[in-house]
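Heads up: the structure comes next, in structure tokens.
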Amino acid sequence: MKKYFYFGETVEGYEIPVLNEREARAGAGILFLFAFISFMNAFMMHNLIYTKIFVTVFMIDFFIRIFINPKYAPSLLLGRMMVQNQTPEYVGAAQKRWAWGIGFVLAVVMFFIIIVFEIMTPIKILICVTCLTLLFFEAAFGICLGCKIYNKIYKNKSQYCPGGSCELDDKHDIQQFSFAQKIIVALFVGMISTSTYKLTASQENAFHNMPMKATQSANDNKMQCPSHMK
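Residue numbering for the sequence shown is 251 to 480, as defined by our numbering.
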């Protein structure tokens with residue numbers, strides 16, 4: 251049984267079981283895509299069918315990752331298929347298992363809320379946003395937020411973190427942020443926020459003025475006497 255039920259791979263040159271970070275990021279990206287689609291469908295169409303399907307698949311996928319073997323998890327297999335021509339980046343398996351445990355707990359809670367008991371509660375929105383945030387940071391930035399929590403709880407026990415972040419003390423020049431670069435980022439975010447706010451406000455005003463214009467037009471038509479009635 252140990253041939254199939256284990257967590258992490260033994261790779262020469264690494265003292266502990268490891269996983270391929272590239273596969274994990276690819277799997278996170280795949281799950282984020284379908285999570286975002288199901289969440290937006292539920293939010294805009296008020297239809298939870300796709301969310302129920304995704305939560306069930308998500309829970310099963312993470313159960314396989316944690317309790318059977320990550321190499322058999324469907325999302326990671328799809329990720330392996332997409333990045334199989336890239337050089338593996340090995341990371342410690344222990345912190346990944348702990349981080350994926352957070353995802354599994356959230357999936358189980360969501361499963362009982364929206365499928366078993368069908369409870370209408372804002373907690374499910376909070377859980378959805380949390381899952382999307384965790385998946386997005388993993389896929390987009392290679393930052394495992396669950397692993398960060400692991401590092402806070404288990405001091406100095408994480409090894410082989412993505413990008414060498416566990417061992418990185420001094421940043422290279424290319425990683426530094428100058429004052430001018432900070433200003434550019436602040437202006438960019440401010441421009442997008444201001445534009446979004448103004449466009450949203452103008453759309454809302456136009457929407458609220460539509461019934462008023464329609465009523466005024468109808469009243470004007472009633473006041474006009476048709477020619478055939480004269």
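Ideal placement from N, C-alpha and C gives every residue a C-beta, glycine not left out. Quantities reported herein were computed from a predicted structural model and do not represent experimental measurements.
Residue j beta carbon less than 9 Å from that of residue i
| i | j | result |
| --- | --- | --- |
| cysteine 411 | alanine 349 | no |
| tyrosine 254 | tyrosine 300 | no |
| isoleucine 316 | phenylalanine 354 | yes |
| valine 366 | asparagine 270 | no |
| isoleucine 266 | alanine 343 | yes |
| tyrosine 387 | cysteine 394 | Residue 387 is actually phenylalanine in this sequence, not tyrosine. Yes, these two residues count as a Cβ contact at 9 Å. |
| glycine 440 | glycine 413 | no |
| serine 288 | isoleucine 303 | yes |
Nearest-angstrom Cβ-Cβ length linking residue i and residue j, presumed shorter than 8 Å
| i | j | result |
| --- | --- | --- |
| isoleucine 377 | valine 359 | 6 Å |
| tyrosine 256 | asparagine 319 | 6 Å |
| isoleucine 483 | isoleucine 352 | Since the first and last residues shown for the chain are 251 and 480, residue 483 lies out of range. |
With 16 other Cβ atoms within 10 Å as the buried cut-off, status of residue i
| i | result |
| --- | --- |
| glutamine 345 | buried |
| methionine 479 | Reliability of the predicted coordinates at methionine 479 is poor, the pLDDT of 49 falling under 50, and the value obtained from them is presented with this limitation in mind. So methionine 479 ends up on the exposed side. |
| glycine 258 | buried |
| alanine 464 | The pLDDT assigned to alanine 464 is 49, lower than 50, so where the model puts this residue is not dependable, and the model offers no usable value. |
| alanine 285 | buried |
| aspartate 311 | buried |
| valine 435 | exposed |
| leucine 356 | buried |
| alanine 292 | buried |
| serine 428 | exposed |
| leucine 437 | exposed |
| serine 445 | exposed |
| serine 408 | buried |
Extent of the continuous alpha helix (DSSP H) run through residue i
| i | result |
| --- | --- |
| valine 366 | Taken as a continuous stretch (DSSP letters only), valine 366 belongs to no alpha helix (DSSP H), as it is neither H nor E. |
| aspartate 311 | 299 to 313 |
| serine 415 | Segment: none, serine 415 is in no alpha helix (DSSP H) and carries neither H nor E. |
| cysteine 381 | 373 to 386 |
| proline 324 | 324 to 333 |
Test: residue i CB closer than 9 Å to a CB of chain D
| i | result |
| --- | --- |
| valine 358 | Of the protein chains in the structure, only one exists, and it is not chain D. |
N-terminal and C-terminal residue of the beta strand (DSSP E) that residue i is part of
| i | result |
| --- | --- |
| leucine 269 | 268 to 270 |
| tyrosine 404 | From DSSP, tyrosine 404 is part of no beta strand (DSSP E); its letter is neither H nor E. |
| tyrosine 256 | Counting along the chain, tyrosine 256 falls outside any beta strand (DSSP E), and DSSP gives it neither H nor E. |
| valine 341 | 340 to 342 |
The stretch 432 to 450 contacting the stretch 376 to 392, beta-carbon criterion three pairs below 8 Å: Counting Cβ pairs under 8 Å, fewer than three are found: no touch.
Segment contact flag, the stretch 339 to 346 with the stretch 270 to 281, C-beta cutoff 8 Å, min 3 pairs: Short answer: they touch.
Three CB pairs or more closer than 8 Å across the stretch 297 to 308 and the stretch 279 to 287: Short answer: they touch.
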